[in-house]
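Protein chains in written order, with my numbering: chain Z, 113 to 302; chain W, 267 to 833.
Cβ atoms here follow ideal geometry from the backbone N, Cα and C, with glycine treated the same way.
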Amino acid sequence: MKEALYTIIVHSENIAGVLNKVTAAFTRRQVNIETLNVSASSIKGVHKYTITSRTDAVNIERIVQQISKNIDVIQAHFFLDSELMHREIAMYKLSTDILKSQPAISQIIRKYSAHIIEVNEVFSILEMSGVDEEITALYEELRNFNTILQFVRSGRVVVTTSSFEHVDDFLESRNKEHKLSRESCWSKDA
Amino acid sequence: MTGGEALLSALEDHGVNTLFGYPGGAIMPVYDKLYDHKEKLNHILMRHEQGAIHAAQGFARVSGQIGVCMVTSGPGATNTITGIADAMIDSTPVLVIAGQVGTKMLGSDAFQEVDLVGITQPISKWSYQIRSAADVPWAVARACYIATSGRPGPVVLDFTKDAQIGTLDYQPTIVDFIRSYVSNPQPVEGSLEQAATLINEATKPFMLVGQGVLLGEATAELEELIKKTDIPVGETLLGLSAMPSAHPNNLGMLGMHGNLAPNKATNLCDVLIAVGMRFDDRVTGNLETYAPQAKVIHLDIDPAEFNKNVRVDVPILGDCKQSLKKLTALCAPRNHQSWIDSLLPYTEEEHKVVCSKELRSTSDGSLRMGQVARLVSQATHDEAILVTDVGQNQMLSSRYFRYTHPRSLVTSGGLGTMGFGLPAAIGAIYGNRQVNHDDKKPVVLMTGDGGIQMVIQELGTIMEQQCPVKIVILNNSYLGNVRQWQEMFFKKRYSFTPMENPDYLKLSDAYGIKSKRVVSEEQLNEAIAEMLSYDGAYLLEVCVEKEGNVMPMVPIGGTISDMLLEP
Chain Z
113 MKEALYTIIV HSENIAGVLN KVTAAFTRRQ VNIETLNVSA SSIKGVHKYT ITSRTDAVNI
173 ERIVQQISKN IDVIQAHFFL DSELMHREIA MYKLSTDILK SQPAISQIIR KYSAHIIEVN
233 EVFSILEMSG VDEEITALYE ELRNFNTILQ FVRSGRVVVT TSSFEHVDDF LESRNKEHKL
293 SRESCWSKDA
Chain W
267 MTGGEALLSA LEDHGVNTLF GYPGGAIMPV YDKLYDHKEK LNHILMRHEQ GAIHAAQGFA
327 RVSGQIGVCM VTSGPGATNT ITGIADAMID STPVLVIAGQ VGTKMLGSDA FQEVDLVGIT
387 QPISKWSYQI RSAADVPWAV ARACYIATSG RPGPVVLDFT KDAQIGTLDY QPTIVDFIRS
447 YVSNPQPVEG SLEQAATLIN EATKPFMLVG QGVLLGEATA ELEELIKKTD IPVGETLLGL
507 SAMPSAHPNN LGMLGMHGNL APNKATNLCD VLIAVGMRFD DRVTGNLETY APQAKVIHLD
567 IDPAEFNKNV RVDVPILGDC KQSLKKLTAL CAPRNHQSWI DSLLPYTEEE HKVVCSKELR
627 STSDGSLRMG QVARLVSQAT HDEAILVTDV GQNQMLSSRY FRYTHPRSLV TSGGLGTMGF
687 GLPAAIGAIY GNRQVNHDDK KPVVLMTGDG GIQMVIQELG TIMEQQCPVK IVILNNSYLG
747 NVRQWQEMFF KKRYSFTPME NPDYLKLSDA YGIKSKRVVS EEQLNEAIAE MLSYDGAYLL
807 EVCVEKEGNV MPMVPIGGTI SDMLLEP
C-alpha cells in the first residue's frame, strides 16, 4: 500500500505516562515517528501532541484508533499535508568568520527570509521558520560553505485548514452529560 | 486511617469480598491491616503470584465482577504480568494491587523495586502509581470503574510503601465519569437502520457471537434477535456458552479447531453479523479469503476493533445489550430454514469423519480426550462450569463439552496461557459462590499434563482452602498440541515434546486430595461419577491416546472454509 506523510494530532490529559502509550502505538507496528512535538494546548490541563509519521492509510487508521483507546487520551486524528498549515522552526549555528568572508551567504539568508538572532566573534545563529523542504534546502545551501557548526529543527507545528479542534466542544458536552457527577476526576490533580 | 486500611475499605465499598494474593515486604502494611478486615475480605493465599492473578481472572470470568489480586513489589509484581496480559487480550476485569518501595527510593534500584507502571502500560487498561495516602480512595474507585466499564480489562495499582503507611481522612469515593473516556458509546445515527436493512434483505445471513455478548450480559437479547430473524450462529471460543449448545440455530465453534458448518457458513453467507468479537486470526484464518462475498456488520463497544482485521460495512458502536435490542425491533421476522438445512450436511460430515471417532476409544482401547470431555459434560447434565488449560485439552474439551448457561467456560483464549487452568479453576469456585451462593454447579478443570505442572503448586491452595475443584488431567505424556504440529508440519521431529510425568496420585496424596487414575473406558464412567459425587476436590488422571490430534483444523494462514478433517 502507498505510503504518505501523516500528521497525527492528539489531545490528552496532562499526566505522566501518556506519551509512552502514544508512542507505543507506533513502535508496536514498527512505524517510525519522524517528528514529535508536545506542548500545552489552549485548554487548561490538556496537552497536545503533534506527530508526523510516514506509513500507509491502513496502518495510520489503526494506530490512531489504538491511541484514541487510551483512557487519558481525549481525541486523536490524522491528516495529510493538504489538510494542514504546517511550519517548523530551525536554528543554524554558523562560523562568524566564514559568514563575514562569504557575502553569498547573506544573499542566501535573505532569499529564505531567515533571521540572524545572535552574532559574536566565534559563531552566529540563524533562525528560520518554514515548511520542511525550505528548512532542508537552506541547510543544503549553507553546507556548501562548510560553515554550519550546529543545526537543529523543532518538529512540526500545525493548524488544520478544516474547522477541527472540537476538543473543547467535546469536553463541554462530556461535562454536560455528567452534570450530576462530581468535578472531572482530574480536577484534583490540576 | 492509613492508606493501607483505606485501600481495604475502598475495596469493600466497591463490593469486593474476595482477594487472591501473596504477601511480601513492600505490601506488608496492607496485609497487617487485612488482619483486621478478615471478616469482610476473604483472602485466599495462593502458592505463587501467577496463581493469584489467574485465580482473580477465573473469579471475574464466572461472576462478572472484578477479580482482585494483591502481591508485593518486584518479583511479586512481575509474576502477575502474564495474567495481566491474558486479562487484557481476553477483556477480563481484574485489579492488581502491588506493593512498591517508598517514594524516596523510587528510581534508585532499591531492593525489590521494579517499574511496574512502565512494564504494565502496554498490557493493561490503566496503571497508576499511588504516591500518597490521600490518593487511595480515588485511585481504587477509578481503577474499579475503568476495569469494569466499557470493554473490561485489567488495571494496576502500584502502591508505594509510604502511601500505605501515611494517613488520610477516609471518605467513600465513587468514580463514574472520566471526561476523556467514553465507557458507554452510542451507535452512529442510522447505523442500526442500515444493518437492519441488510439483515432483512439477506437470504443467507450468518452471525458470529463473541465474548462481548457475555460481558454485556446480552444473552437474552441475542436469543430474541435469533428467535425473530432465524439467523444461524457460530461462536468464538470465548463466546461459547453465550447460547445453549442445543439451540437449533447454533452451528458451533468458529475458527482453527472449530466446527465445519460455521466455518463454511462464513464463506457462504451474504451478510455476516459479528457481535462482540474481534476477528482474531485463529477465527479468520487467511484474511484475504475470509468472507469476501459478505457484507459485514460489526457490533462492538470498542471502536478500535472496527476495520482492525476485517473491513466492516456497517459498524455499530456501543453496548451490545442495547444494540441487539434495537436491532431486533428493526428487523423483520424471517425463516431461514432452507439456508440452515443447506449447512447441515457439513455438521453431518464432521460428525461422521471426526466426532464419531473422537467420541470413542481407539482400536487398541486407549481413551480419547473428546470422549472424556463429553462423558464428563454428560455426567454433570451439561451444568458444569468448565475451566480449561491451553492446548489439545482446551480445544477438545471446549468442542465436546455442551453448554446450557452463560459464563460456563473459562479459558485463556487470546494469550493461550499454559498454566492458566488450575488457578483459574480455584478462582472459578469463588466466582461461582459469589453469584450462585453454593457449589451445586461443579467446577471442572480439564487440563493437560504439561499445563498443570506449570502451576502444580496450587494444589496447596486447594488443600488449604478445601476448594472442591474437579481436576481432570488428560495425560498423553506429550506437549500434545506442539507434538501435533510437529507431526503435521515438522516431519514428525518431536523436538522436546515428549514429557515424563510425576506420579499424580502420590502428588495428590501428599496434598490430601482424593485421586484416581483410569486408562480404559470401563473404569472411566465410574470414576467420573465418583469424582462428581465426592464432597471436595478430586484429581482424576485419565491416560489418553498418546498421539491424538485435534481435528478438524485450518492450518495457519489457510482459508477458513477449507478445513482439514483428517491430519
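**Message:** If you reduce the DSSP assignment to three classes, tell me which class Gly267 (chain Z) lands in.
**Reply:** coil
**Request:** Check whether the Cβ of Val185 (chain Z) lies closer than 9 Å to any Cβ atom in chain W.
**Result:** yes
**From W:Gly823, W:Pro341, W:Gly682 and W:Ser446, residue whose alpha carbon lies closest to that of Trp392 (chain W)** = W:Ser446
**Message:** Just checking: is the beta-carbon of Cys297 (chain Z) within a distance shorter than 9 Å of some beta-carbon in chain W?
**Reply:** Summary for Cys297 (chain Z): the model assigns pLDDT 48, below 50, so the residue's position carries little reliability; its value from the coordinates is reported in the next sentence. With 9 Å as the cut-off, Cys297 (chain Z) counts as an interface residue toward chain W.
**Request:** For Cys410 (chain W), name the three-state secondary structure that DSSP assigns.
**Result:** helix
**Asked** To the nearest whole angstrom, what separates the beta carbons of Gly324 (chain W) and Val735 (chain W), a pair I think is in contact under 8 Å?
**Response** 10 Å between Cβ atoms; not a contact.
**is_contact[Trp392 (chain W), chain Z] using C-beta, thresh 9 Å** = yes
**Request:** For Leu491 (chain W), verify whether its CB is less than 8 Å away from any heavy atom of the ligand MN.
**Result:** Ligands are entirely absent from the displayed structure, and the ligand MN is therefore not among its contents.
**Request:** Measure the beta-carbon distance from Glu724 (chain W) to Arg327 (chain W) and round it to whole angstroms, keeping in mind my assumption that it falls under 8 Å.
**Result:** Between Arg327 (chain W) and Glu724 (chain W) the Cβ distance is about 17 Å, and since that is not below 8 Å, they are no contact.
**Prompt:** Rounded to whole angstroms, how far is the Cβ of Gly726 (chain W) from the Cβ of Met684 (chain W), which I believe are closer than 8 Å?
**Reply:** Not a contact, Cβ separation roughly 19 Å.
**Asked** DSSP on Asp352 (chain W), reduced to helix/strand/coil?
**Response** helix
**Prompt:** With DSSP run on the structure shown, which of helix, strand or coil describes Pro528 (chain W)?
**Reply:** helix
**Prompt:** Does any CB atom of chain W fall closer than 9 Å to the CB of Ala302 (chain Z)?
**Reply:** Low local confidence applies: a pLDDT of 35 at Ala302 (chain Z) is under 50, so the model's placement there is unreliable, and no value is given.
**Asked** What in chain W is Cβ-close to Arg141 (chain Z), meaning under 7 Å?
**Response** The premise fails here: Arg141 (chain Z) is roughly 12 Å from chain W at the closest Cβ pair, so nothing lies under 7 Å.
**Message:** Give me the subset of the stretch 439 to 461 of chain W whose CB atoms are less than 7 Å from a CB atom of chain Z, sorted by chain position.
**Reply:** Val441, Asp442, Phe443, Ile444, Arg445, Ser446 and Tyr447
**Nearest candidate by alpha-carbon position, reference Pro388 (chain W), set Z:Ile183, Z:Asn126 and Z:Ile163** = Z:Ile183
**Chain-order list of residues whose beta-carbon lies under 6 Å from that of Val448 (chain W) (same chain, five-residue window excluded)** = none
**For Tyr777 (chain W) and Ala405 (chain W), the rounded distance between their alpha carbons** = 39 Å
**Request:** Indicate the three-state DSSP secondary structure (helix, strand or coil) for Asn149 (chain Z) in the structure shown.
**Result:** strand
**Prompt:** Using a Cβ-Cβ cut-off of 8 Å (strictly less than) and excluding sequence neighbours within five positions of Glu230 (chain Z), which residues of its own chain qualify?
**Reply:** Ser236 and Ile237
**Given Ala540 (chain W) as reference, the closest of W:Val709, W:Asp715 and W:Asn575 once Cα atoms are compared** = W:Asn575
**Request:** Using a Cβ-Cβ cut-off of less than 9 Å, give me the residues of the stretch 548 to 571 of chain W that come near chain Z, in sequence order.
**Result:** Asp568, Pro569, Ala570 and Glu571
**Message:** Whole angstroms are fine: how far does the CA of Glu811 (chain W) sit from the CA of Gly636 (chain W)?
**Reply:** 11 Å
**Prompt:** Would you call Asn698 (chain W) buried or exposed, if buried means 16 or more other Cβ atoms sit within 10 Å of its Cβ?
**Reply:** buried
**Message:** Counting only beta-carbon separations shorter than 9 Å, does Gly267 (chain Z) have a partner in chain W?
**Reply:** no
**Request:** Could you tell me the distance, in whole angstroms, from the CA atom of Pro833 (chain W) to the CA atom of Asn815 (chain W)?
**Result:** 8 Å
**Prompt:** With DSSP run on the structure shown, which of helix, strand or coil describes His513 (chain W)?
**Reply:** coil
**Asked** Helix, strand or coil: how does DSSP classify Ala302 (chain Z) here?
**Response** Per-residue confidence for Ala302 (chain Z) stands at a pLDDT of 35, beneath the threshold of 50, marking its modelled position as unreliable; the derived number appears in the next sentence. It is coil, neither helix nor strand.
**Asked** Quick one: is Pro453 (chain W) buried, meaning 16 or more other Cβ sit within 10 Å of its Cβ, or exposed?
**Response** buried
**Request:** Give the DSSP-derived three-state secondary structure of Met729 (chain W) in the structure shown.
**Result:** helix
**Prompt:** Which residues, in chain order, does the stretch 119 to 140 of chain Z contribute to contact with chain W at a C-beta distance below 8 Å?
**Reply:** Ser124, Glu125, Gly129, Asn132, Lys133, Ala136 and Arg140
**Request:** At 9 Å on the CB atoms, spell out the chain Z contacts of Asn573 (chain W), in chain order.
**Result:** Val170, Glu173, Arg174 and Gln177
**Item:** Cβ pair Leu372 (chain W), Ala409 (chain W) closer than 9 Å
**Value:** no
**Prompt:** Nearest chain W C-beta to Asn287 (chain Z) closer than 9 Å, yes or no?
**Reply:** yes
**Rounded C-alpha distance that separates Thr358 (chain W) from Gln477 (chain W)** = 10 Å
**Item:** Contact under 9 Å by Cβ, Lys494 (chain W) with Trp605 (chain W)
**Value:** no
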